[in-house]
Ligand SMILES: [Zn+2]
Ligand SMILES: [Zn+2]
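Residue numbers (my numbering): 4 to 442.
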């Protein structure tokens, strides 16, 4: 059976190798083409090619009159975000950039108060590359100035936190300062340890305490990186056990996901023909962690991308698909994410077959020839099962089903595997079951 799995693996590897070769070959004629200039490359961009020079939306008295703004502009980055944004609570302007072809656009919101109904208008205009670069430089200068100002003012507020709970006025000023800075994108990493220590020394009903907690929530919602920094400091200071902060990481993650411009433009799962169809443009914005595993850099969501060939008499039909890991599935694979790109290929082999039954995929991985793959699968499952009766039951159910029903070659559970026996014992312990007499 192991040999069978190995041979399927080899076939998959050969397929990937063939694909690589095919893509190298198809690149050759392209090299003869002239490289499009910065001002025309939008014409071949999957996001921009259908976007006109100018598009707009117009409202009168709150009612929409016209709207031809392209939906794909949702993928544009805002230069200097979050210091600059697309708030429509005042007349506002910002510079947008396509993440794929780097073309710049001017986004402009005009609000005009009129008796009988105000008029609101949004205009989106493509800019020349030179104009866009000039404006981007000015914006980045602003961002740098903001950073310098933060670096200059932060120490006095960190100092105030050190004296908590004394000097409540200074503490209040510090909470206000860090709250403002969290929303304008400053990196609060330098202040986090003192914010958390101050919180641990104060009575929870104080105003300043709720202010500082809000700072942590706002910071964790900046992006995936800031959330990881927050998590690390919460653990380091033991404040992850504080009942008022325990839900902070999950709440931040939820908010990041809900507002993510990349993920909201991707369905939970999508399948396309490999040669003739493209995955949604947003998929190009994901960061590749291993050939098949991708991650969104804004909200941290993980994705799985795979392809397969179905040979038909009339010719081969190649499909590729992209699936999003649910937070629970991603959590199960946590030890695996930490060692990527190691074993990315091996794990993809198991994950592909039983995507929506991830614990089963890991049980099957106990049959891998590679000891370190087996150890990794064990680490994932042991963490999943620890102290979680629901999870233990789920793993045991998969195990029993596969003992009884004839397994497909790729989802074979090797009941002789030591790792498997160990995880089953752990499941039984979690469920307070008597271990079987044979063990
Ligand atoms: Zn573009
Ligand atoms: Zn995302």
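Ideal Cβ placement from N, Cα and C applies to all residues, glycine included.
Local conformation of residue i per DSSP, three classes
| i | result |
| --- | --- |
| residue 443 | The displayed coordinates of the chain run from 4 to 442. Any statement about residue 443 would go beyond what the structure contains. |
| residue 372 | coil |
| residue 87 | coil |
| residue 95 | strand |
| residue 297 | strand |
| residue 49 | coil |
| residue 72 | coil |
| residue 190 | coil |
| residue 159 | helix |
| residue 28 | Residue placement at residue 28 cannot be trusted, given a pLDDT of 39 that sits under 50; the coordinates are not used to answer. |
| residue 122 | strand |
| residue 204 | helix |
| residue 268 | helix |
| residue 424 | helix |
| residue 140 | helix |
| residue 435 | coil |
| residue 282 | coil |
| residue 336 | coil |
| residue 213 | helix |
| residue 248 | coil |
| residue 229 | helix |
| residue 168 | coil |
| residue 415 | coil |
| residue 330 | helix |
| residue 152 | helix |
| residue 39 | coil |
| residue 241 | coil |
| residue 135 | helix |
| residue 176 | helix |
| residue 404 | helix |
| residue 430 | helix |
| residue 389 | coil |
| residue 383 | helix |
| residue 263 | coil |
| residue 302 | coil |
Which residues DSSP lists as bridging residue i, in chain order
| i | result |
| --- | --- |
| residue 80 | 100 |
| residue 128 | 57, 109 |
| residue 325 | 273, 308 |
| residue 291 | 297 |
| residue 66 | 63 |
| residue 114 | 123 |
Cβ-Cβ separation, residue j to residue i (assumed contact under 8 Å), whole Å
| i | j | result |
| --- | --- | --- |
| residue 233 | residue 222 | 6 Å |
| residue 101 | residue 110 | So it is not a contact: roughly 12 Å between Cβ atoms. |
| residue 296 | residue 326 | In fact, because the Cβ distance is near 11 Å, the residues do not count as touching under 8 Å. |
| residue 488 | residue 86 | The structure shown has nothing for residue 488, since the chain only spans 4 to 442. |
| residue 92 | residue 72 | That belief does not hold up - the Cβ atoms of residue 92 and residue 72 are roughly 19 Å apart, past 8 Å. |
| residue 136 | residue 50 | With a Cβ gap of about 19 Å, residue 136 and residue 50 do not count as contacting. |
| residue 181 | residue 212 | Not really, about 13 Å apart at Cβ, beyond 8 Å. |
| residue 255 | residue 304 | Wrong, their Cβ atoms sit about 13 Å apart, outside the cutoff. |
| residue 127 | residue 76 | 6 Å |
| residue 289 | residue 299 | 6 Å |
| residue 284 | residue 78 | 6 Å |
| residue 273 | residue 324 | 6 Å |
Check: residue i C-beta below 7 Å from any heavy atom of ligand 3
| i | result |
| --- | --- |
| residue 240 | Ligand 3 is not part of this structure, which contains only ligand 1 and ligand 2. |
Within-8 Å CB hit, residue i to chain B
| i | result |
| --- | --- |
| residue 332 | You won't find chain B in this structure, because it holds only one protein chain. |
Just list the alpha helix (DSSP H) runs in the segment 341-369, keeping only unbroken ones of 4 residues or longer that don't cross its boundaries, in chain order. You should have 347-356, 361-368.
I want to know whether the segment 114-124 touches the segment 58-71 - three or more CB-CB distances under 8 Å. By the Cβ rule, the segment 114-124 counts as touching the segment 58-71, because three or more pairs are nearer than 8 Å.
The segment 184-203 touching the segment 151-164, judged by at least three CB pairs closer than 8 Å: Taking 8 Å as the limit for Cβ pairs, the verdict is that the segment 151-164 does touch the segment 184-203.
Decide yes or no for the touch test of the segment 383-402 against the segment 334-351: beta carbon pairs closer than 8 Å, at least 3 of them. By the Cβ criterion, the segment 383-402 is in contact with the segment 334-351, since at least three pairs of Cβ atoms, one from each stretch, lie closer than 8 Å.
Segment contact, 8 Å Cβ cut-off, at least three pairs: the segment 367-375 with the segment 350-357: Because the criterion of three Cβ pairs below 8 Å is met, the segment 367-375 and the segment 350-357 touch.
For the segment 394-402 against the segment 354-365, do three or more pairs of beta-carbon atoms, one drawn from each stretch, fall closer than 8 Å, so that the two count as touching? These segments touch.
Should the segment 125-142 be regarded as contacting the segment 166-174, the criterion being three or more beta carbon pairs within less than 8 Å? Judged by Cβ distances under 8 Å, the segment 125-142 makes no contact with the segment 166-174, as fewer than three pairs qualify.
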